[in-house]
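Numbering (this note's numbering), first residue to last: 2 to 293.
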């Protein structure tokens with residue numbers, strides 16, 4: 002039988018103001034309590050997960066002031082400070098928490114500035130590696146939110162800037178104020194509604210961080226293309242979903258999150274999973290019609 006053709010997949014990306022990082026990172030939303038609220042069941046176990054991620058080569062960790070709130074950032078500092086060379090910690094602000102699973106956008110400039118100062122304190126750093134606006138607050142002029150981000154970067158409080166859950170037009174508007182290093186939108190095998198944002202990011206060298214990256218829905222059901230690919234490749238459904246993302250675009254930066262070392266190790270092994278061209282094409286085609 003002839004060998005399947007395989008297209009090489011780069012595993013690092015060089016981003017404006019952030020430098021070179023591995024494209025498969027770690028999302029630190031799940032190291033806190035249920036509903037992304039309160040302390041985890043075991044803080045020690047959460048610390049161990051973060052440390053294990055770095056041991057396995059992760060050099061990009063994504064968190065937010067609203068995870069806990071505050072607790073995720075505190076756990077990261079407890080686990081890693083002083084931070085190993087090359088490890089970047091990204092955080093976000095712009096969502097206020099009023100309870101489990103409750104999220105309220107707040108983008109007043111004075112609030113964003115306050116939260117950056119607090120994140121500096123919690124992460125024990127003088128400058129944030131990457132600060133992302135968690136949501137654009139529709140009640141505050143977007144240009145006011147972008148302007149304070151620009152000012153914080155000029156003051157040296159943050160090194161790189163990004164946005165979350167935005168449109169192409171919003172990306173372009175932010176780009177008038179600062180260099181956008183990353184954009185973080187929902188994107189996975191069954192939700193490609195941000196396809197235009199991904200294409201803009203790729204065309205402009207912006208890192209695209211897909212949240213909910215391993216969601217595969219009906220494609221992972223028995224007999225589905227993800228399940229069949231996983232069986233054929235001796236992999237898990239999650240690994241197949243992540244490998245597809247890494248193959249989808251060279252600016253894609255999945256950050257699967259978990260509070261379990263076993264799941265962490267499983268997810269990060271996706272970097273070593275090779276999707277042949279035929280398997281990738283099958284998954285890509287199936288994802289185009291998923292949920293329709």
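Idealized CB from N, CA, C, for every residue including glycine.
Since the structure is predicted, the reported quantities are computational estimates derived from the model, not experimental observations.
> In its own chain, which residues sit with a C-beta less than 8 Å from the C-beta of residue 8, not counting the 5 before and 5 after it?
Replying inline: Residues 248, 278, 281 of the same chain have their beta carbon placed closer than 8 Å to that of residue 8, with the five preceding and five following residues left out of the count.
> Within 10 angstroms of its Cβ, does residue 136 collect 16 or more other Cβ (buried), or is it exposed?
Replying inline: Counting the other Cβ atoms within 10 Å of the Cβ of residue 136 gives 16 or more, which makes it buried.
> Could you give the distance in angstroms between the alpha-carbon of residue 14 and the alpha-carbon of residue 61?
Replying inline: In this structure, the alpha-carbon of residue 14 lies about 11 Å from that of residue 61.
> For residue 71, does the three-state DSSP call read helix, strand or coil?
Replying inline: Here residue 71 sits in coil by DSSP.
> Is residue 82 buried or exposed, if buried means 16 or more other CB atoms sit within 10 Å of its CB?
Replying inline: Residue 82 comes out exposed.
> Under 8 Å between the Cβ atoms of residue 271 and residue 244?
Replying inline: The answer is yes: Cβ separation under 8 Å.
>> Between the alpha carbons of residue 162 and residue 168, how many angstroms are there, rounded?
In response: Taking the straight line from one Cα to the other gives about 16 Å.
>> Need the endpoints of the alpha helix (DSSP H) that residue 169 sits in, please.
In response: Residue 169 -> alpha helix (DSSP H) spans 169-176.
>> Quick check on the burial criterion: 16 or more other C-beta atoms within 10 angstroms. Buried or exposed for residue 80?
In response: Counting every other CB atom within 10 Å of its CB across the protein chains shown gives residue 80 a total of 16 or more, marking it as buried.
>> Once the 5 residues before and after residue 164 are set aside, which same chain residues still bring their CB inside 8 Å of it?
In response: Apart from the 5 residues on each side of it in sequence, residue 164 sits with its Cβ closer than 8 Å to the Cβ of 133, 134, 137, 171, 172, 175, 181, 183, 184, 185 in its chain, given in chain order.
> Using CA coordinates, which residue listed in 154, 192, 206, 117 is at the minimum distance from residue 220?
Replying inline: Comparing Cα positions, the closest option is 192.
>> Measuring straight from C-alpha to C-alpha, what distance separates residue 284 and residue 6?
In response: So the alpha carbons of these two residues sit roughly 16 Å apart.
>> Suppose contacts are defined by Cβ-Cβ distances below 8 Å. Is residue 149 in contact with residue 114 by that definition?
In response: In this structure, residue 114 lies closer than 8 Å to residue 149 by Cβ.
>> I'd like the span of the beta strand (DSSP E) that includes residue 120, first residue to last.
In response: Per DSSP, residue 120 belongs to no beta strand (DSSP E); it is in the alpha helix (DSSP H), 110-124.
> Between residue 51 and residue 90, which are expected to be in contact by the criterion C-beta below 8 Å, what is the C-beta distance as a whole number of angstroms?
Replying inline: Contact flag wrong, Cβ pair sits at about 10 Å.
> Skipping 5 residues on each side, what residues in its chain have a beta carbon closer than 8 Å to that of residue 105?
Replying inline: In its chain, beyond the 5 residues on either side, 96, 97, 98, 99 have a beta carbon closer than 8 Å to the beta carbon of residue 105.
> Just how far apart, CA to CA, sit residue 130 and residue 224?
Replying inline: When the Cα atoms are used, residue 130 and residue 224 turn out to be separated by approximately 43 Å.
> If you draw a straight line from the C-alpha of residue 153 to the C-alpha of residue 66, how long is it?
Replying inline: Cα to Cα, residue 153 sits roughly 17 Å from residue 66.
> Just the Cα atoms here: how many angstroms apart are residue 239 and residue 49?
Replying inline: In this structure, the straight-line span from the alpha carbon of residue 239 to that of residue 49 is close to 22 Å.
>> Once the 5 residues before and after residue 3 are set aside, which same chain residues still bring their CB inside 7 Å of it?
In response: Note that residue 3 scores 43 on pLDDT, short of 50, meaning its location in the model is unreliable; the coordinates nonetheless yield the value given after this. When the five nearest sequence neighbours on each side are left out, no beta carbon in the same chain lies closer than 7 Å to the beta carbon of residue 3.
> For residue 116, is the classification buried or exposed, using 16 other Cβ atoms within 10 angstroms of its Cβ as the cut-off for buried?
Replying inline: With 16 or more other Cβ atoms within 10 Å, it is buried.
> At which residues does the alpha helix (DSSP H) containing residue 226 begin and terminate?
Replying inline: Unbroken alpha helix (DSSP H) run through residue 226: 226-234.
> Got a sec? Which residues, its chain only, sit under 7 Å from residue 70 by beta carbon, not counting five neighbours each side?
Replying inline: 98.
>> For residue 209, report the span of its beta strand (DSSP E) as first-last.
In response: Run containing residue 209: 208-212, per the beta strand (DSSP E) assignment.
> Taking just the CA atoms, how far does residue 57 sit from residue 290?
Replying inline: Near 35 Å, if we compare the C-alpha coordinates of residue 57 and residue 290.
>> At 3 residues or longer, what runs of the beta strand (DSSP E) sit wholly inside the stretch 71-102?
In response: Given a length threshold of 3 residues, each whole run of the beta strand (DSSP E) inside the stretch 71-102 is given here in chain order: 89-94.
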